[in-house]
Amino acid sequence: MKKMSIMLAVLLIFSAVLTPLASAASGVRAGNASIPSEADGWVWVGTAEELAYINRNQAAYLDRNIRLTGDIDMTGYDWVPFADEATVFSGIFDGRGYRIKGLTIDGGTLEYVGFFGRVSGAIRNLNVTVHVNGGSYAGGLVGHLIGGSIINSHSQGSVTAGDTGYVSAAGGLAGAANGDSSILRSSSSAAVKSGDASNQYAGGLVGSQGRGSIRDSYATGTVTNTGGGHYYYGGGFAGHLIYGTIANSYSSTAVMQSGSVIYYTAGGFIGTMAVATINASYYDIAASSLTTGVGSGDIIGSPHLTGLTTSDMKAASNYHGWDFTDLWALDAGINSGYPYLRPAILTTDLPRAVKDVPYSSAMDAFDGSRGGLTWIASGLPDGLSMTAYGMIEGSPKESGTFTVAVSVTDAGQSKVSTVLTLHVDESAPDIDGFVVSPGSANGSTSVTAVPSDPGHTFAYLLGPDAGVRPLRGGALPGEAVLYSLGTDIMDPIRGQFLQVFEVDEQKHIEAWSSVQVEAAHIQDQVRVTGVTLDQTELPLTAGGALQKLTAVLTPVNATNPAVVWASSDPAVAAVNQSGEVTPIAEGTAFITVTTVDGGYTAAATVTVQSAPVAAGTVIGSVYGTGNTPLAGAMVSAGGVTGVTYGNGDFTLTNVTAGIHSLTVTAAGYGSHTTTVNVLAGETADVGRIDLSAANPPVQENPEPAESPSYGWVPAPVPAPTPDPRMTVRINGQHVQVTIKNEQEQDGRTVLRLIPGSELVRSWAGGGDEILIDIDNKEPVVKVDLPAEALQDLLAARPNAVIRIGVNGASSSVPLLVLSDLRNRANVTIVIATMAETASRELEEELSRQGYDMLAEPASFDVYGDGGERIEAEGTYMERTFSMNAAAAPDRSTVIRVDDAGKLHYVPSVFERGTATLYSAHNGIYTAVRSNRTFEDIRGHWGQNDIERMANKLIVNGSADGMFDPNRTVTRAEFAAMLVRALELAEKPQRASYADVAPNEAWYAGAVGAASAAGLIEGYADGSFRPDAEITREQAAVMLGRAVRYAGGLPPQDASGLERFSDHARVSGWAKGPAADLLAAGLIEGVGNDAFAPQGFTTRAQSAVLLCRMLHYLNFIN
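Here you go:
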């Protein structure tokens, strides 16, 4: 095998470095990670859970500035190199001198492996203890540094590159660095080993260094190779150096050979180099076991590289040109006596303090000795002190600006100092002489006080929060209202908080007081300023029902609402002191109302008409033989007589109300008598009356004809049988309606009612609810309604609802759901009970699934011509049915059985043996009871709501009987719960998101239904991200939309969120829904005063939210 040239190796390495490969799958430990907080442009990370969260959500943090707030132990956590393969970290990662330990990184098939994969940003002040395995380019801190920088950082542990086949580059700190990268004041003590590849490069600090620089750095670990038929280049500091510069650096690395290779070259400092520069750098001849600093390469000129003995390496005088005053230090007990980097104080600003308020602030520093630091400080105000560990703590006893001298000493007694400024503010004192009392105007309050300076003025805030005491000298809140002492503050509400600010000429706060408004603070004498009546014209009928007038006072919250009523003519219309007007006799009267407070008056004109005669109308039609309409037939009922028209129809008007005999006579026909019930003001339709021909006289002993006569004799035409009719109650009135008796295919008998068009149109004259009560025991009842008449009724009463009741069940159908009436002939409403056999089979199946059936299954349907079902999408229709057994609301629910036999929860409540359900669907309904629970929720704070939602088929457990209440919920899972809770039909084809496959994903139907109902939205890139964990603010938005879809949610001021300390973190798109739900009591905060908008929602929290929503909508009781 032929040895490669240096230039060929360079091209191979850096072409591979710049070519991204596919990313490996992550293997993060399961659990609920914390979301790191963000402030001042930094992401603050202080725990293993927060660091693991960033690792799991790398895409969101690749360009962020991240800062550690303490040491972190990652033992037990899997780690995927941060920014691997096709991505790059371009932000700043500032370790602030802290250490991350316990890291084990298995790179698998990844190309770039380390704590970071690829970095173009900055890493500084970071120590890592790590064990890295795998990758073509492997480093303890970063696999590939491309144009970025590493400053004041250190790695320890081990780095073993992967068996990648062609190129392997391994370094204690970085696998490869190029692109004008920079490594400054950094080091590694890691054990480095190249991988099983044809060409191997290994270095104590960097595996392969290209264009860029390394300065003031060192390596003290070990370097070795993987044996086999390979080419190997190893160096104590770097395995490969081309086009780069190394200055003021050293290596005490042990360079070792592990197994034989085809070509082995090693140097105490560099394995191989070309077109590169080394200045003022050193290596330990004894530690490396090599006398040559550079193993091989096309070296132009002599590198300024010196090999020293171990003892000479530990003498500062041998490091020519090095700064041992401010940068480097030597101590026999530190770094095995080799040079190490002096400490550096990283803290440049101290957080502001407040007088008499507890204060705590930790100092940050780079510890080059890695042996610990000791801190001292002077100049702190009384009440504050600094611990030896660099923590300033206590409560300052004085305000002002303080110059604080801070010094830190490392384990080798190297010391560094700095001067910092500490500002101690002072809380605004209470306002002197602050008193709140009732204002002069009704419903107002006012404030009096003693200004501390004649030039001071005042302002106030009135709201739900007590506020936080501001700082003296702070700016007045922009929403504060300027105020003059003693004037009225209008419309305070008992329970609100009144904050008052005393400010100077520049509107800087000098004093502050806050008080919760009580009833005693509000002027409660609200005077009447006027009165009106709800009606000014009132037409009545003598002897008719009384009518009530309502007086409306201005203002409506007047303290004394008493009024006096009077009539100008009590003989025409009398009025009592409740405003109820009784019509007495024909005429006109004026009803006047007078307020006791102020004597304001208003009047209404009452016109009383004489009572009309209680009469109605009778209509019908008369037919003779041959199915021929009879004209001129005499019809009489109740003393009223009329004749039929040419088409056989007749109309009798002004028929006295009551039950009458109706008689029809016509020449050549026998008379016909029937009974008709005439209702006052209504029309009774007796339908078609068929008369029979009168019998001809019979001749006795007729003479026989002389001869038979032949001719055509017409066959008699049988008279058609009129459709039967029955009496039903419509809005309390008895009405005759045509009926037909039929039979279903399964043998159930059917009663079909067919109200006429005129009858349906007449309903427009009543209220919005048309009540049809049918006294019948048939198992199937169908009501056919003419579509043309329904269209007229809908135009007259767009909010009308037809409610049909029969056999202890009822179905209410809003006319608005009857779409496309213009293209229909009839609309049929059906209420039916199940056939006995089918009912028994359903009960047995429910029993097998753990349910007790509490009612006979009822079928509710609405369909148009030809049996086409009409679904009321977006509208909940109310239905009721009777129960056979008592229902426990927390363990019972109404279910719908769809055509596939699947069970669905239906919004429902139970009261006095009746189930009331709200559904947009046709189908079979019944009530069931179950007793579902889960082993892992016993004693859990959400147990009751979880069990209630499980008994209502909204949430499920796993096959092992567990619920996993603390597991976070995905966006798809929460959408599916909402769809089940609202009983929405699944619509997989409406799931029009790039990452939701309509025919594959289990949640596609629910996501499509939620999208169609407006409950969810996707992201700008067209995705829904179904598997992403849902945040609390996302859940709030979806829940708010669900409540509005099903009922209503009054909008609230988003300022209600300000009670939470983290309200500023609530996204703008979530503030409105979150405030609405908060005001409605559907959501709460987390802990004492936080909302945690980016926190994840658990299964238990989801169940509780759904339970609250259903209670709010009255969908459960």
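Counting with mature numbering (1 follows the signal peptide of the UniProt record, and there is no 0), you get residues -24 to -1, 1 to 1093 for the letters of the sequence shown.
Using N, Cα and C, we set each Cβ at its ideal position, and we do this for glycine too.
All figures in this text were calculated on a predicted structure; none of them were measured in a lab.
Between Leu509 and Asp573, the alpha-carbon positions lie close to 16 Å from each other. The distance from the Cβ of Ala425 to that of Gly409 is about 5 Å, consistent with a contact at the 8 Å cut-off. Taking 9 Å as the cut-off, the Cβ atoms of Ala214 and Gly183 count as close. In the structure shown, Leu766 falls within a helical segment according to DSSP collapsed to helix, strand and coil. Three or more pairs of CB atoms, one per stretch, sit closer than 8 Å, so the stretch 451 to 471 contacts the stretch 412 to 431.
In this structure, the beta-carbon distance from Leu117 to Ala150 falls below 9 Å. Every beta strand (DSSP E) of 3 residues or more that sits fully in the stretch 834 to 869 is shown, in chain order, as 834 to 839 and 853 to 858.
Residue state for Ser428 is assigned as coil, using DSSP reduced to three classes.
DSSP, reduced to helix, strand and coil, places Ala580 within a strand of the structure shown.
Across the set Ile465, Ala435 and Gly439, the C-alpha of Ala435 shows the shortest separation from the C-alpha of Lys483. Looking at the backbone, the Cα of Thr45 and that of Asn33 are separated by about 20 Å.
For Leu638 and Ile665, the gap between their C-alpha atoms comes out near 11 Å. In the DSSP assignment, Asp661 falls within the beta strand (DSSP E) that extends over Thr659 to Asp666. Scanning its chain for C-beta atoms nearer than 6 Å, with the 5 sequence neighbours on each side dropped, one finds around Gln492 the residues Phe473, in chain order.
Between Ala487 and Ser413, the C-beta spacing is not below 9 Å. The C-alpha of Gln719 lies about 24 Å from the C-alpha of Gly877. Excluding residues up to 5 positions away in sequence, Ala669 and Ala670 lie with their Cβ nearer than 7 Å to the Cβ of Gly644 in the same chain.
Taken in chain order, the complete alpha helix (DSSP H) segments of 4 residues or longer contained in the stretch 984 to 1069 are 1008 to 1022 and 1044 to 1055.
With at least 16 other beta carbons inside 10 angstroms of its own, Arg956 counts as buried.
Membership of Gln1077 in the alpha helix (DSSP H) is indicated by the continuous run Arg1075 to Tyr1088.
The beta carbon of Gly415 is closer than 6 Å to those of Thr421, Ser422, Asp464 and Gln499 in its chain, skipping five residues each way along the sequence. If you draw a straight line from the Cα of Gln132 to the Cα of Gly179, it comes to about 14 Å. Each of Val400, Gln511 and Val711 was checked against the Cα of Ala656, and the nearest Cα belongs to Val711. Within a 10 Å sphere around the beta-carbon of Trp917 sit fewer than 16 other beta-carbons, which makes this residue exposed. Residue state for Phe950 is assigned as helix, using DSSP reduced to three classes. By the criterion of at least three beta-carbon pairs nearer than 8 Å, the stretch 770 to 787 is in contact with the stretch 842 to 862.
For Ala364, the CB contacts under 7 Å within the same chain, skipping 5 residues up- and downstream, are Thr350 and Trp351 in chain order.
The stretch 841 to 848 and the stretch 910 to 929 do not touch, with fewer than three beta-carbon pairs separated by less than 8 Å.
For Met610, the uninterrupted beta strand (DSSP E) run begins and ends at Met610 to Ala613, by DSSP.
For Lys331, the closest alpha carbon among the candidates Val400, Leu160, Tyr901 and Val392 is that of Val400. Rounded to whole angstroms, the separation of the alpha carbons of Gly17 and Arg43 is 10 Å. The bridge partners DSSP lists for Thr198 are Ala167 and Ala230. Bridge pairing for Lys716: Arg728 [DSSP]. Taken through DSSP and simplified to helix, strand or coil, Asn175 comes out as strand. Thr617 and Thr641 have their alpha carbons spaced roughly 11 Å apart.
With a cut-off of 8 Å on Cβ pairs, the stretch 926 to 944 is not in contact with the stretch 964 to 975, counting fewer than three such pairs.
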